[in-house]
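Trainee:
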Amino acid sequence: MNPIVHRRMIACALTATIGVALIVLAWVVHQRLGRSSHVTGWTLLTCVGLLLLLGLRKKLIMLPLIPVRIWTQFHIYTGLFALLVYGLHVPTIVASGFFESTLSLLFLSVAGSGLYGVWISRRGAKRLTAIPGEYRFDRFGWHRRTIADRAAEIVTQIGHSADVPVIATFYRERLQHYFSNRPSFAYVLVPTSMRRRRILTELGELDRYFSDNVRQAAGKLAALVRNRDDLDFHYATQLRMRMWLAMHIAMSVAMIVFVIVHVLMALRFQGT
Amino acid sequence: MRTSDQPLPQPPNDDRPGDDWICGWTDAGMPCQHGPSGKGDCPALASCRPRQDDQSPVGWVCHRPACLGGPCEAGPDASGTCGLTPEPCTPKRSWRNRRRVAASLCFLSSIGFVLIALGGPWRTEAFAPGGLVQPHAQILGGELKSDRCASCHPAARGGLFDWFFDAGNVHAGVTQTQLCMDCHHKTIDMNTARSAHNLSPAQLQLISNSISERSQGLHGLLPYASVDMHDIACATCHREHHGGDNDLSALTSQQCQACHKNRFSSFAHGHPQWSDWPYGKRDRIAFDHATHLNKHFAKDNTKFDCKICHQATVDQEIGRTASFEQAARAVIKKPLRIGIDEGLAIVQFPMLDTQAMSAAGHVVEAWPDDARGVFDGKLSPVLRLLLRSDPATRDVLKRLPVDGNIGHFNPSNPQDMADAKRLADAICRLTDALADDGYEAIAKRLSHATGLDESTVGKLAARLSPQLISAARMHGCDKMHRL
Amino acid sequence: MGHSTTIDIRRPQRWDEPFDPAMHDRDVQWLAKLPPFAAMDREAFPASTPLEGVLKNDCRIRHVQAGEVIVREGDYGNSAFLIVAGSVRVVLGQLPPDDLGRVQTERQGWLSAVASLWRRPLYPEVRSIDQITPGGASRVKQHGDTASIFLQDFDGIIDRHNTLQIGPGEMFGEVSAMYRAPRTSTVVADSDATLIEIRWQGLRLLRRDRALADQLEKNYRTHWLMVHLRETPLFRFLPENALQAVADATLLRSFGRLEWNSDFRRTRQLPPAKQIESEPLVAMEGHLPTDLLLIRSGFARVCSRYGEGHRTLAYLGKGHMFGLREIVHNTFRPPNQPPITLQESLRAVGFLDTLHIPIEVVAQHVLPFIRRDELPDPVLRDDQTARAENDIAAETPTGMLEFIVQERLNNGRQAMVIDLNACTRCDDCVKACATTHDGNPRFTRRGPANDGIQFTQACMHCADPVCMIGCPTGAISRHAETGTVSVHENICIGCGTCAAACPYENIQMRAVRDRNGRLYFDESTSLPIMKATKCDMCQSQPSGPACQAACPHDALMRLDLGNLEELSDWMHRRRFTTRGSRDA
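Structure below.
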């Protein structure tokens, strides 16, 4: 069996076993008139603490602790386990009360963004590899500028003939804006090839007005349009993969504040 | 034409994604070689330091090394400034920096949110983890919002700091249970409020002694309660903040068994027979609370007060039942009792489960309606003396417990049903004899039972009120005969 | 024309770039009169490469001063030295790195490593003065556009170490130059001396002279061959006399050009078919094996004919063997069966040095001392179809193998490979690299990619570290145990030789500055102080390579691409298959 599949099976089995053990423990404690919410609560707090260790490990990368890839696996399975513990701690899923329900929503958002992250990290990486080009996030602006400059250079170097105004007009009205601006928010949200197809179709419709020389330039512009679309796709996908993590972290930070308040108050306000 | 037909240059390979700032000219395609500082300043460093050269028209020559691109075309100006000195840029935040800013904002926002929630009078509403049960909600509805939490939670009685930490103030040591008792002291003894079922340690000890040994099997393996029997907080069983419809007294069968040692899987399956229960009372609810509340007590316009019956006593019937006399005194009056006002009961009609007896083939026709139900009641010593003279009941009386209690009769036990039939017949014969012969019958039976001469026991019988005997006959036996 | 002071030669292509453009004809004439050149047979040299041409284009004259370090133990070099005047000392023991000006990198403690998070400078490439100036018992002396290291306490070093003084007419460093092996000793000028530095191309041409050739071969056989054979794992049970017999019968062969790194930039653009055809053939498929081939240095491609072209099956590096399977089969075959021919061809990639052991010697002195279970399986079928089936069952896809060879990535011992199907482009690896290097990442996440695997442009700590050739101060060195190639910045003069030599562009020259962001400039030349920067496998950190430790998606690994099994294991793991089963 492939080691990764083997590892995944062991991790799932271990998580499920610990989960079942906790369910039994919480049930027993509840039935013996103990505070099962303390059992699930402390377990949940421990899970949150363990989940935070991934961030700490990334900061302390210079230490020979376990590699981050194993921490990430641990983070994922601890997160899944925490979701189960949360289900035991808050059977109604969203707790009642203003503060408590906010905390619930924060937890669910963090968990949801985590699950989304697991999915998008796998899918996004494959999609990025499938689309031509390899772009680094800090250089998207540089690439956009390069493509725009190249397009402008192509248009200005065509020369003088009767069909030049046709492509120049098309460039000015359709391409210049496209090349010199960032992709729209809608495209970043849902990157599709519609825009590229539309521009290429419009460019294709002008083909019959072109001489060979201009047709060659139009071909180069079409190639740049494809290039730019691939670039935008990479940008949208990479941005999405960075955004989920940023939101995951930001919401985690807020959740920690709420968790601390919740724990302190739960301990102070428990029936004695 | 394919994309690959348009070869594009590669970007500079000096990425620094770990920095907080990136050159403002990056997107413009001409980032400088040196980059901004960690504080976000643009140093606008030149590419080289021009060298003075008298041969040069401007007096300076470019001195850029080959590995940085060699001498530039622009060259230095007359002041010796490098021709490639970049226009200062406005550095941009890197993604890492933006992410950190977002996380910081979230952190500060959440702290602000919590502080606002804590800071105003609305904090009792904001931090309440759920609704209270209706009675509590109604009672606390009249309280000021700011005092609402403090009614039950000692932590809410001090300042804001007390909400989170024990500040050691005047309210230190006050428990939530004590606050519960502020209201519930009228119905619960303060001294036993923290004990299981509000029983004293001595009373609990008595129960413990009589309880059967620990059950065997799977259920016997479950751990016992995690609470001290004599120091239980109210909230151990009565969990609040679960909404208005929450049943505060609801417990699962397993939770009962956390304290009670005789284990079973559920009330539906495996629960011990009530007849075998240490209380030894009955196998089903003997006292029909609903009928008494709605019919008997209502008819008599008497207050249906639980405490009349459910009081703690020193015997084994803890908090469950009172004596028949005490329980039925209010409504049953005297029809079923014949005796001396201040003295002994001579004739009693114990509760008989006539239905079960009929089902077992022992039909009892002449028996008061009010004494039909489940087996219950004790035969007084005097009655047992009187019955002992009846040969048909001697064996039955031997099988009865010392206190003459017939509550243990099991409807499914044919022997018990036969005994009940013989007792019922014997009691009817006694009442008939009393009705017919009065004192003589009593004296005769007592003499037969005790071995004393009739004159001695006649003095005792003479103290009985003839009206009572007559009344008994009138209200009891006549009625029976009418039936 | 016919001027008597000029020598008319037909200059070959290889001499377009002479070793020392300043070499004058009169220098050549002077050299030609010195031993051993004076005694050389001019007739032995072809007209296209006369002795004088070699002296003019492949030699240069070096004047060294007392205490100047000429070569360092462990360095890679492509030139030999002939002493003309004065004397030098060969230090027989190992000199402490401090004496050579190298600051020994020590692994930091945990606290110190964590504390560096708070010590991170505000500016890129910040160095203290101590970090960029020579320390210890050495000094750097600049002469012209290059520089040398001088031992400060030369007399003390001579007292403390066993040394061997050699004088005029003697040569040193020739084995390293010829066979791309690290220098075995440090050589220091004993007095002011004049040396002739001969680059390897010239040295090979000089072997036309029988006496010199015999001398070089004798030296190699005496000092190197036995050592090399002893280090071969398969020969570990050979008794001394058998080993000696093997050494005596072994032939040394060289293929291709040692300066493969400069050729490679041109040939990497060739399509695989043309590339393979252009590679020198070492052994040919379908021919009977006559020798067991042992790769001494360089790289070779194992390929077989497939259709009208050749298909790469594997690549070999130092220590690998070729032809053993066929020789074993033929040796142990039943008498009535014909011998089989070589199943694959072997071609030199770049340059290749091989040791050829005749099959008779192998059968008599080698095979009896090899465990049966270490011998390859016999060949069951010797036909084209069987070979093709065998090829298809290869562990690593041919396309990937050809890509690796084409890009010469098989040189990498610690190559950074990224599975692009798992990489989320988060740049955590680059950030981790920056964290362990005072905020300065030592690589950028870019590089050639094939089949969803990127071979990132980070130093691969190559098996053949061409970057180390030509460093004037020995600032770039290789760790004797770990093989990590690192730059000692305190003696790096920023000449850029290593960066230019690295065919993978994995070394960057950076201008350094102080903590306030001010660039350092050389006080005499007003040039900015440049330093060669590259991946050092985080050898100063407790963690080891931070890039690999930091990848959250298990996408990045440092692999020895010379070890096909390691690459194959990793690829199968990433593709969720097990070795031996092909991808769907």
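Chains A, B and C, in that order, are what the protein sequence lines are. To convert, note that position 170 of the first sequence is 170 in our numbering; the numbers rise steadily by one, no gaps. To convert, note that position 298 of the second sequence is 298 in our numbering; the numbers rise steadily by one, no gaps. To convert, note that position 440 of the third sequence is 440 in our numbering; the numbers rise steadily by one, no gaps. The beta-carbon is built from N, C-alpha and C at its ideal position, and this holds for glycine as well. Predicted model, so just to flag it, every value in this text is computed and none were measured.
(1) For a cutoff of 9 Å on Cβ pairs, would you count Asn13(B) as touching chain C?
(2) With a threshold of 9 Å between beta carbons, is Ala449(C) in contact with chain A?
(3) Report yes or no: do the stretch 512 to 525 of chain C and the stretch 552 to 567 of chain C share at least 3 C-beta pairs separated by less than 8 Å?
(4) Can you name, in chain order, every residue of its own chain whose Cβ lies under 7 Å from the Cβ of Tyr86(A), other than the five neighbours on each side?
(5) Taking Leu243(C) as the reference, give the member of His310(C), Pro368(C) and Asn219(C) with the closest Cα.
(6) State the CB to CB distance for the pair Leu293(C) and Phe255(C), rounded to an integer number of angstroms; the pair is presumed to be in contact (CB under 8 Å).
(7) If contacts are defined as beta-carbon pairs under 8 Å, then Asp27(B) and Gly40(B) qualify, I think. What distance do you get, rounded to the angstrom?
(8) Contact defined as beta carbons within less than 8 Å: I believe Arg64(B) pairs with Pro57(B). What is the distance between those atoms, to the nearest angstrom?
(9) Helix, strand or coil for Phe107(B)? Go by DSSP, reduced to three states.
(10) Could you check if Ile129(C) is buried or exposed, using at least 16 other CB atoms within 10 Å of its CB as the buried criterion?
(11) At least one CB of chain C closer than 9 Å to the CB of Ser252(A): is that the case?
(12) Could you name the residues of the same chain whose beta carbon sits closer than 6 Å to that of Arg123(A), not counting the 5 residues immediately before and after it, in chain order?
(13) So, are the CB atoms of Phe269(A) and Cys149(B) less than 9 Å apart?
(14) For Leu140(B), collect the residues of the same chain with a Cβ closer than 7 Å to its Cβ; drop the 5 residues on either side in sequence, then sort them by chain order.
(15) Taking the alpha-carbon positions, what's the Gly544(C) to Gly474(C) distance?
(16) Name the two residues that bound the continuous beta strand (DSSP E) containing Ser148(C).
(17) Look up Lys92(B) in the DSSP assignment and say whether it is helix, strand or coil.
(18) Could you name the residues of chain A that Arg425(C) contacts, counting a contact when the two beta carbons are closer than 9 Å?
(19) Less than 7 Å between C-beta atoms, sequence neighbours within five positions excluded: which residues of the same chain meet that for Arg394(B)?
(20) Which residues, taken in chain order from the stretch 530 to 543 of chain C, show a beta carbon closer than 7 Å to some beta carbon of chain A?
(21) Could you tell me the distance, in whole angstroms, from the CA atom of Gly271(A) to the CA atom of Gln255(B)?
(22) Are Ile198(C) and Ser48(C) touching if we call contact CB-CB under 9 Å?
(23) Rounded to whole angstroms, how far is the Cβ of Gly298(C) from the Cβ of Arg180(C), which I believe are closer than 8 Å?
(24) Buried or exposed: which applies to Ile149(C), given that a residue is buried once 16 or more other Cβ atoms fall within 10 Å of its Cβ?
(25) Please name the residue in Ala249(C), Leu122(C), Cys426(C) and Arg204(C) whose C-alpha comes closest to that of Gln238(A).
(26) Could you give the first and the last residue of the continuous beta strand (DSSP E) run that contains Pro272(C)?
(27) Excluding the five sequence neighbours on either side, which residues of its own chain have a C-beta within less than 8 Å of the C-beta of Ile285(B), listed in chain order?
(28) Is it true that the CB of Pro542(C) sits closer than 9 Å to the CB of Ala115(C)?
(29) Return the CA-CA distance between Lys56(C) and Arg268(C), expressed in angstroms with no decimal places.
(30) Within the same chain, show all residues whose beta-carbon is closer than 7 Å to that of Arg72(C), passing over the 5 residues directly before and after it, in chain order.
(31) State the Cα-Cα distance for the pair Met265(A) and Leu111(C), rounded to the nearest angstrom.
(32) Evaluate Asp16(C) with the Cβ neighbour count: other Cβ atoms within 10 Å of its Cβ, from every protein chain shown; 16 or more gives buried, anything less gives exposed.
(33) I'd like to know if Leu281(C) contacts chain A, where contact means its C-beta is closer than 9 Å to some C-beta of that chain.
(34) For a contact defined as C-beta to C-beta under 7 Å, what are the partners of Pro587(C) on chain A?
(35) Is DSSP giving Val402(B) helix, strand or coil here?
(36) Kindly list the residues whose CB is nearer than 7 Å to the CB of Asp419(C), restricted to its own chain and excluding five residues on each side of it in sequence; keep chain order.
Mentor: Let me lay it out:
(1) Counting from 1 along the second sequence, the entry for residue 13(B) is found at position 13. Closer than 9 Å to some Cβ of chain C, the Cβ of Asn13(B) qualifies, so yes.
(2) Along the third sequence, one-based indexing puts residue 449(C) at 449. So, interface residue.
(3) no
(4) Translated into positions along the first sequence, residue 86(A) becomes position 86. Excluding sequence neighbours, Tyr86(A) sits near Leu44 and Phe107.
(5) Start at 1 with the first residue of the third sequence, and residue 243(C) comes out as number 243. Among His310(C), Pro368(C) and Asn219(C), the Cα nearest to that of Leu243(C) belongs to Pro368(C).
(6) Taking the first residue of the third sequence as position 1, residue 293(C) is located at position 293. Taking the first residue of the third sequence as position 1, residue 255(C) is located at position 255. That belief does not hold up - the Cβ atoms of Leu293(C) and Phe255(C) are roughly 11 Å apart, past 8 Å.
(7) As a working note, residue 27(B) is residue 27 in the second sequence. As a working note, residue 40(B) is residue 40 in the second sequence. Contact doesn't hold; Cβ gap of about 16 Å is too wide.
(8) Against the second sequence, residue 64(B) aligns to sequence position 64. Against the second sequence, residue 57(B) aligns to sequence position 57. With a Cβ gap of about 18 Å, Arg64(B) and Pro57(B) do not count as contacting.
(9) If you number the second sequence from 1, residue 107(B) lands on position 107. Looking at Phe107(B) - three-state DSSP - the assignment turns out to be helix.
(10) For the purposes of this step, residue 129(C) is taken as residue 129 along the third sequence, with counting starting at 1. By the 10 Å Cβ count, Ile129(C) comes out exposed.
(11) The residue you call residue 252(A) lines up with position 252 of the first sequence. False, the Cβ-Cβ gap to chain C never drops below 9 Å.
(12) The count along the first sequence starts at 1 and reaches residue 123(A) at position 123. Here the set comprises nothing.
(13) To locate residue 269(A), count along the first sequence from 1; it is residue 269. To locate residue 149(B), count along the second sequence from 1; it is residue 149. Yes, they are a contact pair.
(14) Residue numbering aside, residue 140(B) sits at position 140 when the second sequence is read from its first letter. Leu132, Arg148 and Ser151.
(15) Within the third sequence, numbered from 1, the residue matching residue 544(C) stands at position 544. Within the third sequence, numbered from 1, the residue matching residue 474(C) stands at position 474. Approximately 24 Å, taken between the alpha carbons.
(16) The count along the third sequence starts at 1 and reaches residue 148(C) at position 148. Note, Ser148(C): beta strand (DSSP E), Thr146 to Leu151.
(17) Position 92 of the second sequence holds residue 92(B). DSSP places Lys92(B) in strand when its eight states are reduced to three.
(18) The residue you call residue 425(C) lines up with position 425 of the third sequence. Neighbours of Arg425(C) on chain A, chain order: Gly124, Ala125, Leu128, Glu134, Tyr135, Arg136, Phe137, His234, Thr237, Gln238, Met241 and Arg242.
(19) For the purposes of this step, residue 394(B) is identified with residue 394 of the second sequence, where counting begins at 1. Closer than 7 Å at the Cβ level, and outside the excluded window around Arg394(B), lie Arg388.
(20) Gln541, Pro542 and Ser543
(21) Position 271 of the first sequence, counted from the first residue, corresponds to residue 271(A). Position 255 of the second sequence, counted from the first residue, corresponds to residue 255(B). Near 18 Å, if we compare the C-alpha coordinates of Gln255(B) and Gly271(A).
(22) Within the third sequence, residue 198(C) is the residue found at index 198, counting from 1. Within the third sequence, residue 48(C) is the residue found at index 48, counting from 1. No, these two residues do not count as a Cβ contact at 9 Å.
(23) As a working note, residue 298(C) is residue 298 in the third sequence. As a working note, residue 180(C) is residue 180 in the third sequence. That belief holds up - the Cβ atoms of Gly298(C) and Arg180(C) are roughly 7 Å apart, short of 8 Å.
(24) For the purposes of this step, residue 149(C) is identified with residue 149 of the third sequence, where counting begins at 1. Counting Cβ neighbours within 10 Å, Ile149(C) comes out buried, since at least 16 surround it.
(25) By 1-based counting over the first sequence, the position of residue 238(A) is 238. The candidate whose alpha carbon is nearest that of Gln238(A) is Cys426(C).
(26) Numbered from 1 along the third sequence, position 272 holds the residue referred to as residue 272(C). No beta strand (DSSP E) holds Pro272(C); the alpha helix (DSSP H) holding it covers Pro272 to Ser278.
(27) The sequence position of residue 285(B) within the second sequence is 285, counting from 1. The predicted model places Ile285(B) with a pLDDT of 41, which falls under 50 and marks its position as unreliable, so this point remains unresolved.
(28) Counting from one through the third sequence, the residue named residue 115(C) turns up at place 115. Counting from one through the third sequence, the residue named residue 542(C) turns up at place 542. No; because the gap between Cβ atoms is not below 9 Å, this pair is not in contact.
(29) What you label residue 56(C) is simply residue 56 of the third sequence in a count that begins at 1. What you label residue 268(C) is simply residue 268 of the third sequence in a count that begins at 1. For Lys56(C) and Arg268(C), the distance between alpha carbons rounds to 31 Å.
(30) Counting from one through the third sequence, the residue named residue 72(C) turns up at place 72. Hits under 7 Å: Leu100, Arg183, Thr186 and Gly474.
(31) In the first sequence, residue 265(A) corresponds to position 265, counting from 1. In the third sequence, residue 111(C) corresponds to position 111, counting from 1. C-alpha separation (whole angstroms): 36 Å.
(32) The residue given as residue 16(C) occupies position 16 in the third sequence. Its Cβ having fewer than 16 others within 10 Å, Asp16(C) is exposed.
(33) Numbered from 1 along the third sequence, position 281 holds the residue referred to as residue 281(C). Judged by the 9 Å Cβ criterion, Leu281(C) is not in contact with chain A.
(34) Within the shown structure, residues of chain C are numbered from 1 to 584, placing residue 587(C) beyond reach of any answer.
(35) In the second sequence, residue 402(B) corresponds to position 402, counting from 1. Note: Val402(B) maps to coil in three-state DSSP.
(36) One-based indexing of the third sequence puts residue 419(C) at position 419. Taken in chain order, the residues that qualify are Gly452, Ile453, Ala555 and Arg574.
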